[in-house]
Amino acid sequence: MGFFGFGKKKEKENQMQQISIEKKEGNLLSIKAPWNPLFVAELKKLHGKWNPDEKVWIVNDFAQEQLNAAIHKVFGDTNGSVIETIKCFVISEIKQEKTAITFLGKVIAAAKDKNTKMHHDDEVIYTIGEPTAGGSKKHWYSIVPDGSEFILHDVPVDLYEEYMSGAGIYAPYHKNINITIKEKG
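Numbering of the sequence shown is given in numbering that gives the first Met the number 0, commencing with residue 0 and proceeding in unit increments.
What follows is the structure in structure tokens.
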């Protein structure tokens, strides 16, 4: 019997179909992608502008190479394989002020204020515990409590491998999250 999801790799159809780049008039690119605060920060570095009418980001086409690098950095290899399912255990609380918590390309906890209902990507399922919001009205937090356990679906292999080697944008979570791979039951 194979490991819980680890032995299964498939093309990243589901997640990567959600990211599209279109050439627009005036040497501009239109980017449609899942909301991710890390990706938004990367787009802002490229002087990206949000177009609320079309619900897309707009960047100059001369930044195509940097845009591709930002997609890879946050969402993984757009042409690569995914690990169908991995299980994550939170060994110490994760807390982000005034933003969502993102792990391996997925938003695992997102609040809009201290009293909000928590949200996360569809590819995230909590099996133990759940994310919460806290703090004050001015300084609110998205929180994933210690002892929580969640499953991530369709994790890019390259992001997983970077994380496991202690590299990449998600490496700081090594002190907070253990990835366990279980055999199918």
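Think of the CB as a built atom: it goes at the ideal place given N, C-alpha and C, for glycine as much as any other residue.
No experiment lies behind these values; they were computed from the predicted model shown.
- request: Note down the Cα distance separating Pro36 from Lys48, rounded to an integer number of angstroms.
  value: For the purposes of this step, residue 36 is identified with residue 37 of the sequence shown, where counting begins at 1. For the purposes of this step, residue 48 is identified with residue 49 of the sequence shown, where counting begins at 1. Each residue's alpha carbon lies about 14 Å from the other.
field: Close beta carbons around Pro130, own chain, < 6 Å, minus the five adjacent residues each side
entry: Here residue 130 is taken as the residue at index 131 of the sequence shown, counted from 1. If we look at Pro130 and ignore the five residues flanking it on each side, its Cβ neighbours are Ala108, Met117, Val143.
Separation of Ile150 from Asn177, as counted between CA atoms: Your numbering for residue 177 matches position 178 in the sequence shown. Your numbering for residue 150 matches position 151 in the sequence shown. Distance between the alpha carbons of Asn177 and Ile150 is about 12 Å.
- prompt: Under the DSSP definition of a beta bridge, which residues are partnered with His118?
  reply: Along the sequence shown, read from residue 1 onward, the residue named residue 118 stands at position 119. DSSP lists Ala109 as partners of His118.
message: Suppose the cutoff is 8 Å on Cβ atoms and the five residues either side in sequence are ignored; what does the same chain contact list for Tyr172 look like?
response: Here residue 172 refers to the residue found at position 173 of the sequence shown. The residues are Ile93, Phe102, Tyr162.
message: Given this structure, state the Cα-to-Cα distance separating Trp139 from Cys87, to the nearest angstrom.
response: For the purposes of this step, residue 139 is identified with residue 140 of the sequence shown, where counting begins at 1. For the purposes of this step, residue 87 is identified with residue 88 of the sequence shown, where counting begins at 1. Roughly 25 Å separates the two Cα atoms.
- request: Starting from the C-beta of Asn50, find all residues in its chain whose C-beta is less than 6 Å away, skip the five residues before and the five after it, and write them out in chain order.
  value: Here residue 50 corresponds to residue number 51 of the sequence shown, with the count starting at 1. Closer than 6 Å at the Cβ level, and outside the excluded window around Asn50, lie Ile57.
query: If you follow the beta strand (DSSP E) that His153 is part of, which residue opens it and which one closes it?
result: Taking the sequence shown and counting its residues from 1, one reaches residue 153 at position 154. Just to set this straight, residue 153 is Asp in the shown sequence, not His. First-last of the beta strand (DSSP E) with Asp153: 148 to 155.
field: Span of the alpha helix (DSSP H) around Gln95
entry: Here residue 95 refers to the residue found at position 96 of the sequence shown. Not the alpha helix (DSSP H): Gln95 falls in the beta strand (DSSP E), residues 93 to 96.
Cα-Cα separation between Tyr200 and Lys97, rounded to whole angstroms: Summary: the structure shown does not reach residue 200, with the chain confined to residues 0 through 184, and so no result is reported for it.
Alpha helix (DSSP H) segment containing Phe38, residue limits: Residue mapping note: residue 38 aligns to position 39 of the sequence shown, counting from 1. Residues 36 to 44.
query: Out of curiosity, what's the CA-to-CA distance linking Val73 and Ile90?
result: Taking the sequence shown and counting its residues from 1, one reaches residue 73 at position 74. Taking the sequence shown and counting its residues from 1, one reaches residue 90 at position 91. When rounded, the distance between both Cα atoms is 23 Å.
- prompt: DSSP puts Glu127 in a beta bridge; with which residues?
  reply: As a working mapping, residue 127 is identified with position 128 in the sequence shown. The sequence given here places Ile at residue 127; Glu does not occur at that position. Paired residue(s): Glu148.
Buried versus exposed, by CB contacts within 10 Å (16 or more), Ile46: Here residue 46 is taken as the residue at index 47 of the sequence shown, counted from 1. Inspection of the sequence shows that residue 46 is occupied by His rather than by Ile. Burial call: exposed.
task: Under 8 Å by Cβ, that's how I've got Ile127 and Glu148 pegged, so tell me the actual separation to the nearest angstrom.
output: In the sequence shown, residue 127 corresponds to position 128, counting from 1. In the sequence shown, residue 148 corresponds to position 149, counting from 1. That pair is a contact at about 4 Å.
query: How far does the beta strand (DSSP E) with Leu27 in it reach, from first residue to last?
result: Within the sequence shown, the letter at position 28 stands for residue 27. For Leu27, the enclosing beta strand (DSSP E) stretches over residues 27 to 31.
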